[in-house]
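Written below as C-alpha cells is the structure these notes are about.
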Amino acid sequence: MATEQQEHLKIEQLQHETPDTQEVAAGRERENLEGWIPALATDAETREALEKAFDYRGDVTLTLRSGEALEGYIFDRKQGRSLTDSLVRIIPSKGEQRTRRSIPYSEIAALNFSGRDTAAGRTFEAWVKKYWEKKAAGEKNIQIEPEKLD
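Counting from 1, one number per residue, gives the positions in the sequence shown under full-length UniProt numbering.
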C-alpha cells in the first residue's frame, strides 16, 4: 500500500507528463468480421469460426444441416472433445419464440456474421477524437453521447 507521500509524488510526476508519454496497455486488435462467411470444411475451422462468433458483438446466422436458418446472438459455447460434444448457445433475434437454444457444432452447416457489429468504431480512441474535434470547434460542456442501437 502506498503512503500519502508516495501518492502525492506520483501525482506530481504525472502532472508533468502528457497522456502520450504515460504507459498505456495495448488494446486487443479486433477483426472486422461483419459479413464474413467462413469455410467450415474441417473441425479446426469450425471451432475457430464459432469461437470468433462467440466474441462477435452482433448477430450471426447459423444454417443447420436440417436446412433451418437461425439468426441470433451467440452468448455461450462449450468446447468438447468432438464437434458433437461441443455446442453454442444462441438467443434467436427473430420469430415468435426467442427461447435460448443449444446447437451442437456438428449440426451447423454454415455460419454467416450477418448482423451489424454493435461495437465497431466505438473505441476509446474514437471517443477522444470526437471530443477534441468538438473542443476545437469551440463547443462548451462537451459530452459524447452513445449512439442509439438499432
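Cβ coordinates follow ideal geometry from the N, Cα and C atoms, glycine included.
Query, Result
"First and last residue of the alpha helix (DSSP H) that includes D55?", "43-55"
"What do you get for V128, buried or exposed, if any count of 16 or more other CB atoms within 10 angstroms of its CB means buried?", "exposed"
"Taking the DSSP output, what are the residues bridged to I90?", "I74, R101"
"Applying the criterion that 16 or more other CB atoms from any shown protein chain within 10 Å of the CB defines a buried residue, is F113 buried or exposed?", "buried"
"Does DSSP put I108 in a helix, in a strand, or in coil?", "strand"
"Is there a Cβ from chain D that is less than 8 Å from the Cβ of K78?", "Looking at the structure shown, chain D is missing, and only one protein chain is on hand."
"Assuming L62 is part of the beta strand (DSSP E), what are its boundary residues?", "60-64"
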